[in-house]
Every structure is written in C-alpha cells, then in structure tokens.
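Student: Just passing along the structure, written as structure tokens.
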Amino acid sequence: MSDRNAHYVAPVDETQPGDVDQVKLAKRKSNMWIDAWRDLRKRPLFYVALVLSFSVLILALFPEWFTNADPSYGDLSRSNGAATEGHPLGFTKLGYDVWARIVYGAKTSLTVGLLVVAITAAIGIPMGAIAGYYGGRVDSILSRIGDVFFSIPYFLAAVVVMSVMSDWRNPLTISFAIGGFAWASLARIVRAEVLRNKNLEYVMASEAVGRSRGSTLLRHVLPNSMGPVIVALTLSLGGAITAEATLSLLGIGLNGYFSWGNEIAQAQQTLRTNPSALFWPSLALTLTVLAFTFLGELIRDALDPKARARR
Amino acid sequence: MTRYVLRRLLQAIPVFFGTTFLIYFMVFSMPGDPVLALFGDRTPSDAVLQAVREQYNLDQPFFVQYLLYLQGFFTGDMGVTFSGQSVNEVFVRAFPVTLKLVTIAVVTEFLLSVGFGLLSGLRKGKFADHASLVFALVLNSVPPFVALFVAQYFVGIKWGLAPVTVGANATWGALLLPGVTIALTIYVVGMRLMRGSVIEAREGDYVRTAYAKGLTSKRVVPVHVARNSLIPVITNSAASFGALIAGTTVTEGIFNIPGIGKVLYDAILRGENSTVVSFVTILTVMYIVVNILVDLLYAVLDPRIRYV
Amino acid sequence: MTETTPVTDTNGAAPVVGEDQPLISVHDLEVGFQTQNGIVNAVRGVSFDIYPGETVAIVGESGSGKSTTATALMKLLPGNGDITGGKVLVEGTDIVDHDEKQMAAIRGGVIGYVPQDPMSNLNPVWSVGFQVREAIRANGVATGKKEIEARAVEVLQQAGLADAERRMSQFPHQFSGGMRQRVLIGIGLGADPKLLIADEPTSALDVTVQKVILDHIESLTHEKGTAVLLITHDLGLAAERASKVIVMHQGRIVESGPSRDLLTNPQHPYTQRLIAAAPSLASRRIESSSAVAEAGVGADKFDVAQMAEQRAEKVDQDAAPIISVKNLTKEFQIRKGGFKSETFRAVDEISFDIPKGTTLALVGESGSGKSTAAKMILGLEVPTAGDIVVGGTNMTNVSRKDLFNLRARMQPVFQDPYSSLDPQRSIGATIAEPMKVHKVGDKAARRARVLELLDQVSLPEELAGRYPNELSGGQRQRVAIARPGAQAGRGRARRGGLRARRARPGADPPAPGGPAGRARAELPVHHARPRGGARHRRQRRGDGAGQDRRVRHHGRDLRVREAAVHAASARRDPGRRDRVGRLTLS
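Shown next, in the form of structure tokens:
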C-alpha cells in the first residue's frame, strides 16, 4: 500500500464449472416446527414444564393411583388434623383429606382448562381467519363483533353468566362462560397473522394454480399462522384454570365437583389456624398454571428464530 | 390528531352499545322470570322486588326494555342495590378507594416494568436477563388470589408487617400490601415490552447514528433507547389500569377493602344478582373509557400520531 | 490527537495531516461475528488507505463485508461483532483498543457518517432540530444555545433543506425520504469531519432523488476538502464518484486501484462480472454514449441494444396473440380517514398483445402498476375496466370452471423466492400442487414428475422431502420455476424472472403523459429470441456450461438469472415451445 495509486489484484480463486449446480443439502431437515422442536429439546426448563403438565394429566386420568382416601368422606373428629398414615397433607376444617381432594380436583381443573381452550379455538380461529382473509365488509362486521366481546373483561362476563346460571354450575357451563368471551383476543391474533401471510406470494401462487380461496386459506395461510395461535392457546390453558378457581372461590364456580378453587374458598376461613389446608391446593393450582405458562413461553421462544438467535 | 381522537371516539360507540346489550341480553334472555333469577335462592323485600321490576321495565318488549335501561344509564339513574341503596351512592362512596388501590398497583407495576425491563434488555442473553425474566414469569403464573393469600399470611399474619385486612379506613399505607402484590403478579407484560423495545432500540439504526454523531452511552441510553422504549410501557400500564379497576373483586374481597370490587364481591357471595349486573356494567363501561384514554395517551406520546 | 498535529486551521476544516500522509490507514483488518454456528469472519484481512480530501469507494454485493468494514472504522459494529485482528489508524493513531470516550471524540468530529436508510436512522420521537443540535453540541462545534441553533440551521441549509429554520421543530415522519437523507447528511457533516463515510446513501431513495443527493454530497465535501468513503454495490456509480475503487468479495479485497484504471482494465474475473452487471453501466450501454464507453470499455462487449437486436425473432404475424389486453384499468379505493375515500388508478388503460412464442417485458418502477396488471391477467385481481383475452377466453366474464382450466395453462413465477414458497410445505408437495389441484395423474405419477422436474432444474431428488428454508434464494427460485412446469401449461406469464434493475435517473425515461408510477399507453412488445436459436445456444452451453454458469453464480440478480436459464431448460419438449407466451416484469 505504499503507492497510493497502485492497482491491486487478488489472486484468482475461482468456482469450478460444476460447482454451480451443486446443492449442499443440510444434514437435517428444517422448517419452522422441526427447528422449534430441536430448540425445545435443548432446554431443561421445557422438560420441567413437560413433566409437570404430564403429572397433572396422569393425576386427572387416574386419581385412584395416587390416593386410597375417599375425597368426599368428611369426618369432623379429624377436623384440621395433621398428616397421618395415608393422609400425607392432613385434613380440612370439615375433616376432608387434603391430598385426596387435590388429586380429584386435578380432573376438574384440566377438564375446564381444555374445554375453554377448545371453545376459544373453535370460535376464535374461524372468526379471525375469515375476517383477516376475506377483508372488506366481512372483516368490518366480524371485527366489530369481536370488539364487543373483547371490551368486556372476560372474568366479569363469566361472573354475570355464572351468577345467573345458579342451577347449572358444571364444567361445561363454566367453560362456556369463560371461553365464550376469551375467544375475542385469540381472534385478533389469528386475524393479524392471516393478514401478515395472505399477501405473500405463495398464497397468490396457490390461487394462480387454481386452488380455491377457501382451500388456500386452509392449506397455506392457516398452517403458517398457527405459531402464535398455539402459544396463545397454551397460555390460555393456565388462564382458564385460574379463572375457574377464582369463580369457585367466589362461590359461583362449580357446584358438586372437586375443585381446587372450592378447596381454597373453604380453607380461607382457617387461614390463621390451619394454613396448610389453603397452602396445598394453592400450590397445586400454581404449579399447574406455571407448567402451562412456561410451556407456552418456551414454544413462543422456540418458534421465533430471532429470539433463538439472541440466546 | 383531532381526526384520530374523533375516529377513536366514533369507534367506541358501537362497542358501548354492544357490550351493554350483551350483558343485558345474557341476563334477561334467560328462561323464566328474570327478576326471580336475579335473586337466585333469596327473596328480597317486596319494595326491592318492585324497584327492580321498575328498573328493568319487564312489562315491555325485550328491546324496549334494553333502551329504557340505557336511558336510565345515561340519566344517571342506575337503580338500587339489593338492600335498597341507590347504586349511584354506593358507587360514589366506593370508587375513590378502588382508585387508590389501583393507582398503587399501576405505579408499582410501571416501576418494576421499567427497572427490570431496562436491566434485562441491556444485559440481553446474560444471567441477569434470564433470571429476571424467569422470576417475573413465575410470579405471573401465581393466580392473583393465591399471591394475595400468601402476602396476607406471611406479611400480615406471620411477620405482622402490615394490617391483615384493610377495613373501613382505607389509607394509602394500608393499601400498599395488596397493591404491590397485584403489581408483582402482572409486571411481566410491561417488563417484556420494555426489554423488547430496549433490545430493538439498541440494535436500531437511529441508535447507531446517535453514536456516530459522537454521543456516549450516557446520553444515548436515556435519550434514544429508554425514551423510545417508554411509549409501549406507559400505554401498557395505562391499559392495566382499566383491567385492574375491572378486576379488583378478588383483591378487595380478600383484603376487605371497601371499594367497588368489594361491593361486587359481597353481591356475588350473597347471590344478589341485580347488584352484580349493575356493577359489572359500570365496570365494563369504565374499562372501555380507560381504553379510549389509553389510545389517546398513545397519540400524545408518539409524535408520529400527534402530528399527522 | 492535537499533539501529533503539525498543522491546524482555525476552522479545523483543513487537513490535519499532510497531503501525503493517509488520514485513515487500515492494515489487515479482521472482523468476526458471534453467531449460533460459531464465529463468522465478515472481513478477512483488508488493508487500504484514505488520503485527505480523497474519495474512495468500496464496492461489493451485500454480504461482501463492505458495510462492516465501514462501521469498523468507527467501531460501531453490532453487539455480536468485534474487530478480531489488524489495525485501524486514524490520523496515525490505532483506534482498535480505544474506549467509548475516545471513540466519541473521533465519531462526528473526525469521521462523519451518512447511513443507508433515511427512514430508520432518525429517532422518530425527537424533532429534527433536536437531533441536529445534539450532534453539534456533542462535537463542541458551537457552544451556547443560540450559536448551536444557528449552526444547526446553517448545517441543514447547506445540506439542501430549503426552509430549515421552520422545519427544525418538525418530526422525521413529516419529512420525505430525500429530505431525511439531507438531514442525515447535515448531521454527518455538522462538525466538519475530515472523513465522511456514506454507506449506500441513496439506495433507499427514489431513482429521481438519488443523483441529486449524491451531487450534493460531492459538492459539499469537495468545498470543505472532506475525504469520502463511499460504500456501494454499484461499480458504475463508484467509478463516477470516487477516485479510487476497492472491490470486496466475501470479506476480502479482490481488486483495488484508481477507478478509471479499474473500470477500463479489470483484472480479476469477479470485477469483470461486476462491471457486466452494474445497473448504472447497463443503462448507459443502452444510451451507448456513456463516460464508460468514452473511457474505452469495449462498447460492443456490453451493447444491450445489440443484444436486443439479436433477440428479435420471427413471429407469425397472422396468428392470434396468446394474451391480448385492451384498455385494462384498475382502480383502488384508498381510505382517507373518516368516511372519505379517494380513487387511485393503479393501472390506467393499458393495452398490449403477446403473440405466441414471444416474451413481453413490462418495465416500471415499484408502484407503477406492472404487478397489478399481471395479477389481473392471472385472474387474481378483478379489473375495473378493459378486456383481457387469454388463449381465446375473455377473463372479464370467465366462469369459475373456465378460469380453473385456464389456470392449468397460465402460471406465474414470482419475484421474491423467499415468499413464493410456502415455508411449511415440502419442496415435493409445492411442485406437485398444480398437478394435485388439477387432478393430474395418481400419487406415484405425480411423484415421478416431481423428481423429473427437480432434475430438470438441476436440484437433487432428496430435496423433495425438504423445506424451503434449507435452500438459497437461487435454489428456491429454481423450485418456483419447476412448480408451473408441473402442469406443463401452454401459456405462461413469467413475472420477476429478472429482478428490478433500477436505472439511474439520467437514463430513466419519464413515463409518458403523467406522474411516474403509472403504466400508461401502448407498451411496445419485445419479441423473444427465436426459439431454435435459443435452444441452440442452450445446447452449446450444455457441456461447456462452465463459463456461462459461473458468470451467473454470484450476486442476487445473477443467481436469479441462473434460475431463468434453468427454466428454459426445463421445457425441453420442442413441440410445446412455440406455443408458450411469456410476460416478464422488471
């Protein structure tokens, strides 16, 4: 670089004639889901969340594997009693076995959670997808309907529904009371995702090939919009379980079912004298919600290549 | 800006009618005598029964009922509670207490969001980032009433650092424990927003340009990174203001705070459904109003909307 | 810094070091980026000097390391990047180990910076004045509120912002792209730096604004004797603006020297390819009266006009055109807030024919309506007025069934290989989709055809089970070209086979009769090259593919062109070829 006007030429390092056609195939397949799964498998927290979620599932499916005690047998002679053989967590004020009530409560929580997710998805996905994909007047109408449902805090709406439905306080009605309003925020997510995807060229390519609009929506647009939807649904599982417990705590939740919310409501009276009756069902509830929250968060992270690269 | 404000207000009109209609519909399209359904298993005094029948104009067709109900709403006649008190009076008495509680929660939430979000964003990928995110997520997973019980038991009963319940005299100090507890369970959302926009801003072109001007990070971080990141966090906090006003039922119930939530809590527990419906409607309308204000706040904060 | 300064002018504008001492001297610079797959070296052993008052251009494709080199001079690499070796001497002092404070003294004051994208480089929440004043205050060019304000206005006026005083309190979003770039130029030159780094300062701007901005930078820096480091992907532009050109490729300098020398006598094959591809040079070749030609570059070597002549082919004038477009118009309603809306004419009464076996090129800037026109021909957008006849079928009142059948014969190849393939479907499923939709063959037959097509675009069979994001842009485009081949259509609209190649303003013919951005009037038909000749050439290329394909290997534009060659070879059936009509947008 001594001569400032020198003409420098680097040694030629040429691509060989055949190289252009050579396609280097990656060793592993890769698309959004495969990459996300590969990422999830590397994260210890994912296994923690998975084990927790599966524990709740097993508890819900086979409660009798975990306790021999009858959750509906109350014996006032053991009111607020400490743990004994076969009753590891002691007794409530009315002499019920705390552990047995928790075990049998898992089924209720999970049933309501999954039902709410199903209802939310069944209303929210079509509403958002149709509004986003067809646009125009259809979008205006569907989005205004969504706005109305979105503008009532879904917990308050559930309070009204469950208050009025005093004779039908079962998992199905409570799920509709929650899911019937929670779908609006999912619809917004779906709509935004569909809007993002629908103008991409592969959608045009699909229609240009002769696929109908509806079929293109189902085959191309929706599958590519599912990432955030799955995240939102996983997170709403935890939210729904919390909402059920809260409604039960207020006495307008489930009637005649084992529910962690009901247990906590009962134990509230003995917060000073027997806090463990409150503590254990609260812990069960918290761990369950925690598991689904982390599952959702980890999936969110795994689906986002930008977030992945940041780690 | 004026156009933006007008458009936002216009958008709110159908939402207002939609929500009130929906609530009304949920209650009064039930089979049987809606007034009896409103009272569940309990029988109110004849005077209250009569007042409720009048309030809801049950002898009219359904749609007329709804319009008359709206008329009452606009003229400030919200009917009576189960025990015969005017809803207006109860509201005016209870609302300031709720406002105090929610203010504490929102301010705390905002400070936690900004603090941890900035820490997390500036230490992106490092231990402090992961730890504070996971911690906030764990807190967020705790159902609010569980968190409140835990706070009440440990801080109130075991350590005796704060009153176990608030009671009639709801001072700022007495409301601190429930307010902060609620903030702890929700700040993850704001923190995330802050973290995300800090990261984005730090990698953003205009931040690089700011450094290229010869500025040091002492100026760039507050002026170009934090200032830009604050807009979404402020609006998020404002939005949680609305959500919290609508959601203080459990908090005020557990801590015995004489706010609107407590009125609703008691009405729910006692099965006084007419009172439940009145207050749910009021809270929903407030929620909508706060959300409008949030959008206007956004316009004020972001010059891209302020000057169009 | 001042200790080593022999000469200082009161303005600080005069060169601090002597004319024969380099202002910036880079020795064996290495820059590495920390990524998931370990450290990636973006710059590998780069050395060059910039002398006071000199304009040096670094030319290269995206990913060549040219911008990274520029930001390394100011130590403004992104968080995961670091200088891993070599020296950067600024006025004789190595800055590699400088801390933030020392760098702050150099940035702005010694080295000014004009970034690439004016849209994202101004902070949206602060007024323009605030951002200019900040730069002036930081470099101590002026002190005191009034002086700073006056200097800020002066700087903006110099940068060509007419009513600078009034616009100081406005926000970036109230400025056009060109205006913002002027603000950024003002900021970059606000403290009279000795070197201005301009990183593709006009690539985000409209063609018509580009030249004005570049001229302005040139005159300003020339006036003050500021050295300029121009980063660009356009060799022609570099040669025109800089006295010295450095060509970078894959993190290395492949060739450098005085620009005239480099342009007239390119030694390295890569430089030669860049010259062949430079947009500004290409448009000049059409004019065939360019500085380049005067400089002695063999005009015959790159004469596009001549190439077009060669292409001219015999068309059966009597045959009905495969595609005929008459007075095609498309209007959109644009909402203007509130309840008002405005009609926007995206396509304004265009007419053209595409005879069988020919290629028509529809040329225009983005927003000119060319894509909308293509969409209407494909039946993806409903025209407001006008007629489209495709293979005898009128598209305006076409039945659903006829449209479906037509779509078997008419296929687009899209512009952007990154969005034209569904990321969640395997390559095999993507190519098979047209056959599946039109129920052609059974599963096994479709699979066989997919493999055949993959082979024809020179992609391995294993790719059928893979997903788009495992492929490069060029490979994706080959897949996109194989897809319509699956149906073996008779009419084929090809869109964006060649990327938009923006001509420089001087060579940009104004759109006839109206604002730029409208496709209007009868468009000339560019005839495709004779099929036989084309095939002949392809065959010739068949075994000796080396030269041609290698040329096409590098660069985005070129890679796409490579795909186009494959497209041609994908239609080997000579019987069908004469029935193909093609529409090319660029």
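Residue numbers (the numbering used here), protein chains in the order written: chain A, 1 to 311; chain B, 1001 to 1308; chain C, 2001 to 2586. C-beta: ideal position from N, C-alpha, C; glycine also. All of these numbers come straight from a predicted model, not from anything done at the bench.
1) Considering only their Cβ atoms, is the gap separating residue 2243/C from residue 2055/C smaller than 8 Å?
2) Measure the CB-CB distance between residue 2230/C and residue 2239/C and report whether it falls below 8 Å.
3) Are the CB atoms of residue 247/A and residue 238/A nearer to each other than 8 Å?
4) Compute the Euclidean distance between the alpha carbons of residue 2422/C and residue 2357/C, then round it to the nearest angstrom.
5) In the structure shown, what three-state DSSP assignment does residue 2327/C receive?
6) Suppose the cutoff is 7 Å on Cβ atoms and the five residues either side in sequence are ignored; what does the same chain contact list for residue 86/A look like?
7) Could you pull the DSSP bridge partners for residue 1149/B from this structure?
8) From residue 1005/B to residue 140/A, what distance separates their C-alpha atoms?
9) Between residue 143/A and chain C, is the shortest Cβ-Cβ distance under 8 Å, so that the two count as touching?
10) Checking contacts by CB at 8 Å: is residue 1/A closer than that to chain C?
11) In angstroms, rounded to a whole number, what distance separates the CA positions of residue 2564/C and residue 1225/B?
12) With a CB to CB cut of under 6 Å and the five nearest residues on each side skipped, what residues in its chain are close to residue 2533/C?
13) Where are the alpha helix (DSSP H) runs, 4 residues long or more, that stay fully inside the region 1245–1297 of chain B, in chain order?
14) Grouping DSSP H, G and I as helix and E and B as strand, with all else coil, what is residue 2062/C?
15) So for residue 2177/C, helix, strand or coil by DSSP?
16) Pull out every residue of the region 1106–1131 of chain B whose Cβ sits closer than 7 Å to any Cβ of chain C, in chain order.
17) Can you name the start and end residues of the beta strand (DSSP E) that residue 2113/C belongs to?
18) Between the beta-carbon of residue 361/A and the beta-carbon of residue 1137/B, is there less than 8 Å?
19) Assess, as a yes-or-no matter, whether the region 1130–1145 of chain B is touched by the region 1207–1226 of chain B under the definition of 3 or more beta carbon pairs within less than 8 Å.
20) Could you work out which residues of chain A lie near residue 1221/B, taking near to mean beta carbons separated by less than 9 Å?
21) Under 8 Å between beta-carbons, which chain B residues line up against residue 272/A? List them in chain order, please.
22) Report the partner residues of residue 2041/C according to the DSSP bridge assignment.
23) With a Cβ-Cβ cutoff of 8 Å, do residue 1211/B and residue 2107/C count as a contact?
24) Our contact map puts residue 2136/C next to residue 2191/C with C-beta atoms below 8 Å; I'd like the distance itself, whole angstroms only.
25) Between the Cα of residue 2065/C and the Cα atoms of 2029/C, 2196/C, 2478/C, which residue gives the shortest distance?
26) With DSSP run on the structure shown, which of helix, strand or coil describes residue 1082/B?
27) Comparing the C-beta of residue 2300/C with each C-beta of chain B, is any distance below 8 Å?
28) Quick one: what does DSSP say residue 1220/B is sitting in, helix, strand or coil?
29) Classify residue 12/A as buried or exposed, calling it buried when 16 or more other Cβ atoms lie within 10 Å of its own Cβ.
30) Would you tell me roughly how many angstroms separate the C-alpha atoms of residue 176/A and residue 1063/B, rounded to the nearest one?
31) Kindly confirm or deny that the region 1155–1171 of chain B and the region 1249–1256 of chain B touch, where touching means at least three C-beta pairs closer than 8 Å.
32) Who does residue 2333/C pair with in a DSSP beta bridge?
33) With 9 Å as the limit, tell me which residues of the region 1236–1252 of chain B have their beta carbon closer than that to any beta carbon of chain A; keep them in chain order.
34) Rounding to the nearest angstrom, what Cα-Cα distance links residue 230/A and residue 119/A in this structure?
35) Considering only residues of the region 2342–2419 of chain C, which uninterrupted beta strand (DSSP E) runs meet the minimum length of 3 residues and lie entirely inside it, listed in chain order?
36) Looking at the secondary structure, which residues open and close the beta strand (DSSP E) in which residue 2168/C lies?
Tutor: Short version:
1) Translated into the one-based positions of the third sequence, residue 2055/C becomes position 55. Translated into the one-based positions of the third sequence, residue 2243/C becomes position 243. It is a contact, given that the beta carbons lie within the stated cut-off.
2) Along the third sequence, read from residue 1 onward, the residue named residue 2230/C stands at position 230. Along the third sequence, read from residue 1 onward, the residue named residue 2239/C stands at position 239. Contact flag unset, no.
3) Residue 247/A sits at position 247 when you count from the first residue of the first sequence. Residue 238/A sits at position 238 when you count from the first residue of the first sequence. Contact flag unset, no.
4) Locating residue 2422/C in the third sequence gives position 422, counting from the first residue. Locating residue 2357/C in the third sequence gives position 357, counting from the first residue. Taking the straight line from one Cα to the other gives about 30 Å.
5) The residue you call residue 2327/C lines up with position 327 of the third sequence. It is a strand residue.
6) Translated into the one-based positions of the first sequence, residue 86/A becomes position 86. Around residue 86/A: 68, 69.
7) By one-based count along the second sequence, residue 1149/B stands at place 149. Looking at the DSSP assignment, residue 1149/B forms no beta bridge with any residue, so it has no partner.
8) Numbered from its first residue, the second sequence carries residue 1005/B at position 5. Numbered from its first residue, the first sequence carries residue 140/A at position 140. Answer to the nearest angstrom: the Cα atoms are 20 Å apart.
9) To locate residue 143/A, count along the first sequence from 1; it is residue 143. Output row for residue 143/A: interface = no.
10) Position 1 of the first sequence holds residue 1/A. Any reading at residue 1/A needs caution, since the residue's pLDDT is 44, under 50, leaving its predicted position unreliable; the model's value is listed next. It does: the Cβ of residue 1/A has a partner Cβ on chain C nearer than 8 Å.
11) Within the third sequence, residue 2564/C is the residue found at index 564, counting from 1. Within the second sequence, residue 1225/B is the residue found at index 225, counting from 1. Since pLDDT at residue 2564/C reaches only 36, below the 50 mark, its modelled position is unreliable, and no value is offered.
12) Taking the first residue of the third sequence as position 1, residue 2533/C is located at position 533. Residue placement at residue 2533/C cannot be trusted, given a pLDDT of 29 that sits under 50; the coordinates are not used to answer.
13) 1249–1255, 1260–1270
14) Taking the third sequence and counting its residues from 1, one reaches residue 2062/C at position 62. Residue 2062/C: coil per DSSP, three-state reduction.
15) Mapped onto the third sequence, residue 2177/C falls at position 177. Three-state result, residue 2177/C: helix.
16) none
17) Translated into the one-based positions of the third sequence, residue 2113/C becomes position 113. Per DSSP, residue 2113/C belongs to the beta strand (DSSP E) from 2111–2114.
18) An answer regarding residue 361/A cannot be provided, because it is not within the stretch 1 to 311 covered by chain A.
19) no
20) Along the second sequence, read from residue 1 onward, the residue named residue 1221/B stands at position 221. Simply none; closest approach about 19 Å.
21) On the first sequence, position 272 is the one that residue 272/A refers to. What residue 272/A touches in chain B: 1157.
22) Counting from one through the third sequence, the residue named residue 2041/C turns up at place 41. In DSSP, residue 2041/C forms a bridge with 2032/C.
23) For the purposes of this step, residue 1211/B is taken as residue 211 along the second sequence, with counting starting at 1. For the purposes of this step, residue 2107/C is taken as residue 107 along the third sequence, with counting starting at 1. Contact flag set, yes.
24) Here residue 2136/C corresponds to residue number 136 of the third sequence, with the count starting at 1. Here residue 2191/C corresponds to residue number 191 of the third sequence, with the count starting at 1. Between residue 2191/C and residue 2136/C the Cβ distance is about 7 Å, and since that is below 8 Å, they are a contact.
25) Taking the third sequence and counting its residues from 1, one reaches residue 2065/C at position 65. Measuring from the Cα of residue 2065/C, the nearest candidate turns out to be 2029/C.
26) Walking along the second sequence from the start, residue 1082/B turns up at place 82. In this structure, residue 1082/B counts as coil in the three-state DSSP scheme.
27) By one-based count along the third sequence, residue 2300/C stands at place 300. For residue 2300/C, the predicted model reports a pLDDT of 41, less than 50, meaning its position is unreliable; a value from the coordinates is still stated below. It does not; no Cβ of chain B falls within 8 Å.
28) Counting from one through the second sequence, the residue named residue 1220/B turns up at place 220. Helix.
29) Here residue 12/A corresponds to residue number 12 of the first sequence, with the count starting at 1. When all chains shown are included, residue 12/A counts as exposed.
30) The sequence position of residue 176/A within the first sequence is 176, counting from 1. The sequence position of residue 1063/B within the second sequence is 63, counting from 1. Their Cα atoms are separated by approximately 25 Å.
31) yes
32) In the third sequence, residue 2333/C corresponds to position 333, counting from 1. Answer is 2343/C.
33) 1242, 1243, 1246, 1247, 1249, 1250
34) Within the first sequence, the letter at position 230 stands for residue 230/A. Within the first sequence, the letter at position 119 stands for residue 119/A. One C-alpha to the other measures close to 14 Å.
35) 2359–2362, 2385–2390
36) Along the third sequence, one-based indexing puts residue 2168/C at 168. Residue 2168/C -> no beta strand (DSSP E), and no H or E assigned at all.
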